[in-house]
Structure formats: C-alpha cells, structure tokens
Amino acid sequence: MNFIGQHILSVDQFDRASIEEVFRVADNMIPYALRQRVTRVLEGAILGNMFFEPSTRTRVSFGCAWNLLGGEVRETTGIKASALAKGESFYDTARVLSGYSDLIVMRHEKMGSVAEFAAASRVPVINGGDGANEHPSQALLDLYTISRELTDQGKAIDGMRIALVGDLRFGRAVHSLCKLLGIYRNISFSLISPEALRLPSSYIESLRSAGHTVVESSDMASGLQQADIVYVTRTQEERFESADEAQRYKGLLRLNQAVYTQYCEPNTVIMHPLPRDTRAEANELDNDLNDNPNLAIFRQTDNGVLIRMALFALILNVADQIDATSRPVNWYTAKRF
Amino acid sequence: MNFIGQHILSVDQFDRASIEEVFRVADNMIPYALRQRVTRVLEGAILGNMFFEPSTRTRVSFGCAWNLLGGEVRETTGIKASALAKGESFYDTARVLSGYSDLIVMRHEKMGSVAEFAAASRVPVINGGDGANEHPSQALLDLYTISRELTDQGKAIDGMRIALVGDLRFGRAVHSLCKLLGIYRNISFSLISPEALRLPSSYIESLRSAGHTVVESSDMASGLQQADIVYVTRTQEERFESADEAQRYKGLLRLNQAVYTQYCEPNTVIMHPLPRDTRAEANELDNDLNDNPNLAIFRQTDNGVLIRMALFALILNVADQIDATSRPVNWYTAKRF
Amino acid sequence: MNFIGQHILSVDQFDRASIEEVFRVADNMIPYALRQRVTRVLEGAILGNMFFEPSTRTRVSFGCAWNLLGGEVRETTGIKASALAKGESFYDTARVLSGYSDLIVMRHEKMGSVAEFAAASRVPVINGGDGANEHPSQALLDLYTISRELTDQGKAIDGMRIALVGDLRFGRAVHSLCKLLGIYRNISFSLISPEALRLPSSYIESLRSAGHTVVESSDMASGLQQADIVYVTRTQEERFESADEAQRYKGLLRLNQAVYTQYCEPNTVIMHPLPRDTRAEANELDNDLNDNPNLAIFRQTDNGVLIRMALFALILNVADQIDATSRPVNWYTAKRF
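Chains as they are written, first to last, in the working numbering: chain A, 11 to 347; chain B, 11 to 347; chain C, 11 to 347.
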C-alpha cells in the first residue's frame, strides 16, 4: 500500500507489508514522543481534528501526535453546534472543512459516516472511530503494542498465544484486532466471554480458515492458561438494546492480581483498550494490577501517539524528513516516560 | 481606510478602495492557502477566537487563516461556562481577554455585543457575527467570490446582474452583500422571495438612489433569467417568531439542475452562504447541482480563508512581510484544492 | 524550593525565597507578554490544559502563557465526554494524559482531585483549581499584583495594610492569599464581611501568631480606612447550601466611587479576583470605578499571564534560556497594553 495522500478508513486496507512499514516509522518516532528530540517537519501544516462524537483521549492523542511533528491543530468537540446538526450533508461538511486543513481526523457515531465524508474530502481523512464500525488506529496501536511486548520477550506475533476476554460480540477494538492478527501466521486464540457475547462466527471462521487455532470458553480458569497476551475489554453498553441488558454482563469476567497469579504464566502481558471502568459493578481489570510490570495498558496509549505520528508522516510523505529537521529538546523532561 | 490596529465591526466601514486593498492582499495569500508555500509571519502571535455563539465553520476558518500566517489560536466555543453567563459585563470580558491575545475574533448572538466588546478591548476585534446584525468577513468573502468568478468570465462587478433568492428579509448575509454591492456601479438586482420575506425597503431605496436597477418577483421563472450570479439563501428560521411560521417558507424557492437548465444562462454562477439544509422539507439548493462547475459554494468557503488572512495581515501590518518569511511546502498536498 | 519537574498543587509549597524567585522570572516575562519581543524557548513542547471544570478565563490565561513561550496547547473543556465520567479513575486518566504532554494544568471541581491526579502523572502538574480547595497561581498573581502596585508607590508588602471585603468564609482566593501574606512581616489586615461570612478562625490565628495585626468588622465605613490595598470578593454562591442563602449576602458590601472617595486614602489600590457580577442584585464592585487609575483588576489578570509563564519556565528549567531565543515582534501591537 502506498500511503501518500490516502484515506485510512479501515483495517481492511492493511496487508503485512504496510503494517510493518507503519511500525518501522513508529519506531523512528520514539525519540520525539519521549521528548529527547524535537522535529518541526510539519511546521505550517494544519490538522482538522473533527470529533463530532466526543472522545477526550483519542482526540488529544491525535492532536498531540500532530503537534509533535510541528503542525497546528484546529478542532471541534461535539456535534450540537455543527452544521451537520442543521441538516448539512456529510458531503458539504467535507467539502468545506477540507479547504481548511492538510489532513482530517474524523470521529462520528454513525457507522459509515467517515467513509462518506472521506469520499467528498479534498484532503486525506483518518477514521477516528465511526460507531460500531472501525477505529483503525486503535487496532494498529494494539498490534504494535503486542509486537513490542513480545519482541521484548524474544517472541513474535507469528506463533503467539492470545486470550481475548469480555464482550467479544460488540467490542470494535477486538474485531479489528482479530482482522489484523489474521494476517499473521499460526496464532492460538483463546476467546473468553459470556455465552451471549461470543465473537461473531464470521471472525472465527476467517481465523480458522487462515490456519489459526481458536478455542472458546466462558470462564477464566481454562481460558487464561498458556497465553502470551491477555486482552481484556469492557462491556460495550452503548451497543446493547438496553442499559439493563448490558448490566447483566458487567463484571462477569474480571482480571485481578489473584486471578493473574493463579492462571497466567509469569510474563503474560495484560492489555485493555481503555477506559477501564473502576466502579464496583464493572471493575473488569482491577487496580491491584497497577504495579504489575506486565500491565501494558499505558504503554498502549503511549504507543498510540507513535502510531498516529507514523500514519501522519506516511500519508503526508515526510517520514524520511523527520530526523533532518530535528534538534535536541532544551527543556526539562520527566524521566518517568 | 487605514487598517492598522482597527476593529472590523461592520461592512459600513468599507469603501471601494479599502475593499480592493483587502482583495489585493487576499490574492497574495493564494499560494499559502493552497499549501504551495508556508509563511511564518505571525509566529508568536496569539488569536483569541472567542465564539460565545458556536459556529464550527466560521470558527475553524478564522483559526485556520491565523495558523496559515504562523500564529497560535486560543479559543472558546460557547457561553455556558463563561463569566459572561455569571453576570460579567462585556466591558470586563473585553478588558481581560484582550490581555491574552494580539487580536480577537468574537461571535455572540446579541446584536451590538461585539461593538460593545470592541470599545473596551485593548487589541483589534473582528466581528465574527453578532446575531441578526453584522458578519463583515462573510460579506467580503461573498463579494470576493463574485469578483473572482466574474473575472474568470471576463466580466466585472460594475455592470453585473445578480439574482438574490430566498429569505431576503432576515438574511444577514444578503443585507451586508447589498450594502457592499451598492458601492459599485450599475448593477441589476433581481430579488426573488416570498411576498412576506422581501428585502427591507431601505435597502432597495439605497440601491436605487445609487443608480442600480432593482426588480422584485416571487418566482424563479422570471427572476432567474439574465443573471451572472444567483445567490441562494436559507430561511433564517431563528429570526422568525415561531418555528411554525418559518416552516411555511422553507423550500418554497428551490434551485436544482432542472430549474438551472431551464432558466439560467449557461455560465450563471451559483452561490450560497452555507450551510445548505439538505433535508427534504428545505433543500433550497439541490445536491444534483454538485457536479455543475458553476456551483461556487465551496470556492466561497475557500475564499473565506483568504479574506480572513488578508484582514489579519492588514490589521497587524504584516501584509508586506508575508513573502519574505516564506518557503515551499515540504509535505504532500492534495491536488484537489 | 527547587521548581524543576515539580507539581504546583498548593500555596503551602511556597516560602519567601521561592515566591521571590517566581516574581523575578515573572518580571523577565514582561517584554514577551507586552508583545515587544517573541521567545520560542518551548517550541515543540505540549501543554495538556485539562479543564474538567470549565473556566474560560483561567484556561485561556494558562494557554496563552504557554503559547507566549513558544509551545503548543492541547486541551479539554468539560467532563461530560471524558472517560472520568465513564468510571475511569484519576489514576488512569493521569497515566494516559501524561503520555501526551510535557506539563499538565488541571482543573476539576472535586477537592483533592488534582493532587490525586498528580500522584499518578508522569509529568509535572499545576493545580488550576480543585473546588473549594486550592488555585495557587491565582494566589501568586494576586500577591504579585500587590507587590508591583506597592512598589510603584514606593511601598512594600512588609508593613502594608490590606482590607479584605466580602465573602471571606468561602472565598478560596482570599484564603490562599492570607496564607501567602502570612509569610511576610507586620501586615495589618482589615477583614470586612457579613457576620456569617467571616474568615475562618484558623486563618486569623495563623496570621496573629505570625505577628500580623487582624481587625474584623462588618461595615465599610470603619474597615476601609488606612488601607493600601482593598481586595473585594464576590459571594461564592456555589459553596452555599442553597442559592437562596447566598442571595441574602449578595450586594451587602459594595465598593463604588462614592464609597471609595469617602473612606479610602487617595491611592488605595482596588483588587478583585474576577469575575465581578455587575447585575443589580450583586454589583459588589461598581462600574463607576472603571476610570479610577487605582482599579487594578485588569492588571491582575495581565499579571496572571506573567506568573503562569514564570511557573512554566521554572518547572521546565528554561528561565535562563528565554532571552537567548528571543527576537523583536514584527507585527502591530496595541499601545493600550
């Protein structure tokens, strides 16, 4: 895949070579994200960070990634005041907003909305989430995290063992991750979910027909064993027909230090797409894991910045200019990164 | 008019020479808005983009124009959390906020609020819309679009023929445009509106006493013929006493490709201040015109960036420094601009 | 106090030497805030301006201070759309957001929230206000204003006379200011408030035991005399049990030009933490004082930018690099600053 000038709308656009290209560029971004060096490669460029469905974390992550490349961000954080709410078409909104920026990130609750917007946009568009459908940079940062964590342990994605835990029926992050993992070879999937929230069978069939192993279960005891990665998700209550129905499943499957110690191998990496709901009725990933060095959830969000920087750099064709425009950071930077 | 350090509150401030100066500077901004070149002339300057009445399009357009000159933007997008909502006067708000920036763009639903704010501001203020009253950069971008479109056809504003269609009673954009056009010579105005939404007679009298021709009608058939420009507007429902009353007029006058083909000359330029309401009950400017090369509505919004850059550059006295601080763009830029 | 890499959570962190260091750096910032010179010392650095409780003035002031040092700002302006509202812990929010920026300013209505956030943050955090608790940069800017105003009159904080007027029971700004003033020597405090809104006795005892003089009264006539500074506050209605109760106290104590002329010495400086409520039922600081040169309320907000620039520069250890990276401003700047 040639990234220059392309929209990024779906994980379906990626093959193994293009994933590896993104990861290679993301690796190069580490000194900038760690505030060891500053680059100004996109000085003068403008990101349109158009979040018609609010999401603080994702919005700030994209904006920060753009700023770290030297560019400016113009943004919107809701739909109420927008022309879309007054009957404007996605076509018109896209034609107008694409005159204001060099690249647009768009999030909107309506499935397919970002693709419709991108079709009319005069600049590249990255899907920042369109309802239950796609959020490709999340899937890429999850996969990138898996890759980095496994590499640290001398392992690789090919041949690894992953346990996916929780609401596998509605979890957009899990679905996209399964699609990307399906590209690799010989992965063992352990799917752990309540009966009613199992991964849709189309995903399971795709994985099996690509040569992967898939085992389903509904309790942690059997499912967690022999996993390199445990990927826990929250119950996607906004996708259920009623809040009451969602409530039935919240907190059914929980990972805490005791469960981890009892069932997991010592270096099993713990992931979660965040936010984790720490309220008593949910609490699917317990705070008592916070000091467990295998808890990779904040390395995931850190990696999100690298992946987004890489996508920006590839789409705008500046990946090869980053270092040439760079200099050391001249201010205090926290060692804790 | 000497722009340096001035507030821009009303189209009444402009004479023909000052309009032409704005347009000349706007022309110089084209390579920057097209992302062929980058300028950093306002590097270090701060725009206070104070939208106490939300408007995504106008807010982002002003912010983008400032960023394209190299400056930073601080902004607010509503009134609920502001001190204004807690009983603070416009005087206090202006004294405070003008300590934070080099120039302020302000939008507020209350008529006259921006002038009141500007009187207390310590930095130049541009009116980004104060209710039914004024939105001078919209009028300037409309006029600039008319000028560029006509020039492309070997015509000029002097002597041109324009049809204004829709809610001419409440349309702020139409009123301001009429004031600016009145400065020029020998224009034929065709005013097409429901009987109850006619252009206020004071505007008609001004135009006639300045030597222009004005003809009124209430249907497209007669009114659209022999126009160089057709300027369509939406029903300004927020200005009516009730939504029901506004509903009576929505969609009464519609321009679509069939109407265009039947009544318009082949190169008649189509304009609209946007947003256009594409819902079935409104739809005053049909999507079937989207491929008509005479549809200039997105050139209008693009031109808005140029006009706002020009106003910033003139007020802050940097129009002559733009090119000296510029360099070629080093990233991929879409050809579709 | 060594500022490098520190959180600023409370005025209790400051001793006299560290206050004087902040003020010295703030003085150096004057040419930049006045737009005489531009510095780019933080070019490439990102501020996370996280206002989970909205506050236009404070948010824009911090953002502007950061921009004036050359850095970029990513921000949030409410809590509704944030993960915090979906059950995320302050710990998680802090771990995530501190991966996106070099320094975070946080405001949240919950007392103690910012300290909890800072404990988990990987970058320095400044408390931008946590409910009734602390807002240290406000206290510093108040003290800095007192210092500059007195210096202009050939006086000093040591030995000065200050009248504090209004809701002294709930006023966070007054409490913090009393703590900072307590560090100095031999100050005369005149506390003027309704009986029910007196300064909590713990503050009075602290001041007295540090050798200061404290006199309480409930009317302006006696209290205002012989003051170098009059610091007026609004009734903090959000801290009362009911709006009705707060209503009883609004407007009980008012300063206007007539009162000023009758009771104050000719050069008594008038301060207020703003916003002032100009509605008839409140109006504790009358607009008829706007032309009184001793009205320092807008010098206070201007000084806020200097203090915030100084805190940023000290925490990130760039105070000594400011001038080296600077150049003259090249655009029009209003004389009225």
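Beta carbons: idealized from backbone N, C-alpha and C, even for Gly.
Since we're looking at a predicted model, the values are computed, not measured.
query: Chain B contact for Tyr-194(A) (CB, 7 Å cutoff); result: no
query: Boundaries of the beta strand (DSSP E) in which Asp-254(B) is found, first to last residue; result: From DSSP, Asp-254(B) is part of no beta strand (DSSP E) but of the alpha helix (DSSP H) over 253 to 257.
query: Nonlocal neighbours in the same chain, by C-beta distance under 8 Å from Ser-65(A), ignoring five residues either side; result: Arg-117, Gly-138, Gly-139
query: For Ala-125(A) and Asn-77(C), the rounded distance between their alpha carbons; result: 35 Å
query: For Ser-336(C): DSSP bridge partner residues; result: Thr-49(C)
query: Val-35(C), enclosing beta strand (DSSP E) - first and last residue; result: Run containing Val-35(C): none in the beta strand (DSSP E); it sits in the alpha helix (DSSP H), 26 to 38.
query: Exposure label - Pro-210(A); buried when at least 16 CB within 10 Å; result: exposed
query: Contact with chain C by Tyr-259(B), beta-carbon distance below 7 Å; result: no
query: Contact list for Ser-327(C) against chain A, beta-carbon separation under 7 Å; result: This sequence places Asn at residue 327(C); Ser is not what is there. Under the 7 Å cutoff, chain A gives Trp-341, Tyr-342.
query: Test item: CB-CB of His-282(B) and Ile-317(B) under 7 Å; result: no
query: Interface residues of chain A facing Tyr-101(C) [CB-CB closer than 8 Å]; result: Asn-297, Asn-300
query: Beta-carbon gap between Leu-113(B) and Val-133(B) smaller than 7 Å; result: yes
query: Under 7 Å between C-beta atoms of Val-184(C) and Leu-191(C); result: no
query: Every unbroken beta strand (DSSP E) inside the segment 275 to 313 of chain B [3 residues or more]; result: 279 to 281
query: Boundaries of the alpha helix (DSSP H) in which Val-124(C) is found, first to last residue; result: 123 to 130
query: Residues sharing a beta bridge with Thr-86(C), DSSP; result: Met-60(C)
query: Neighbour flag for Gly-141(C) against chain B, beta carbons, 7 Å; result: no
query: Proximity below 7 Å, CB of Val-279(B) to CB of Ile-239(B); result: yes
query: Minimum Cβ-Cβ distance from Lys-345(C) to chain A less than 7 Å; result: no
query: Range covered by the alpha helix (DSSP H) that runs through Phe-100(B); result: 100 to 107
query: Pairwise C-alpha distance: Glu-205(C) and Ile-325(C); result: 41 Å
query: Chain-order list of residues whose beta-carbon lies under 7 Å from that of Gly-261(A) (same chain, five-residue window excluded); result: Glu-291, Ala-292, Asn-293, Glu-294
query: Presumed contact (8 Å Cβ cut-off) between Tyr-259(C) and Leu-207(C), rounded CB distance; result: 6 Å
query: Interface partners of Tyr-110(A) on chain B, CB under 7 Å; result: Val-70, Ser-71, Cys-74, Val-315
query: C-beta neighbour in chain A for Asn-77(B), strict 7 Å; result: yes
query: Helix, strand or coil at Glu-247(C) [DSSP, three-state]; result: helix
query: Interface residues of chain C facing Ser-92(B) [CB-CB closer than 7 Å]; result: Thr-66
query: Chain A contacts made by the segment 174 to 189 of chain B, where a contact means CB separation under 7 Å; result: none
query: Contacts of Thr-288(A) in chain C (Cβ-Cβ under 8 Å); result: Gly-97, Glu-98, Ser-99, Asp-102
query: Cβ contact check for the segment 334 to 347 of chain C and the segment 28 to 48 of chain C: 3 or more pairs under 8 Å; result: yes
query: Spatial distance of Ala-75(A) from Met-39(A) (CA atoms); result: 10 Å
query: Any C-beta of chain A under 7 Å from that of Val-48(B); result: yes
query: Where Val-133(A) sits in the DSSP three-state scheme; result: coil
query: Backbone secondary structure at Thr-223(C) - three-state DSSP; result: strand
query: Spatially closest choice to Leu-174(A) from Ser-198(A), Ala-55(A), Asp-333(A), by CA coordinates; result: Ser-198(A)
query: Beta-ladder partner(s) of His-118(A), from DSSP; result: Asp-140(A)
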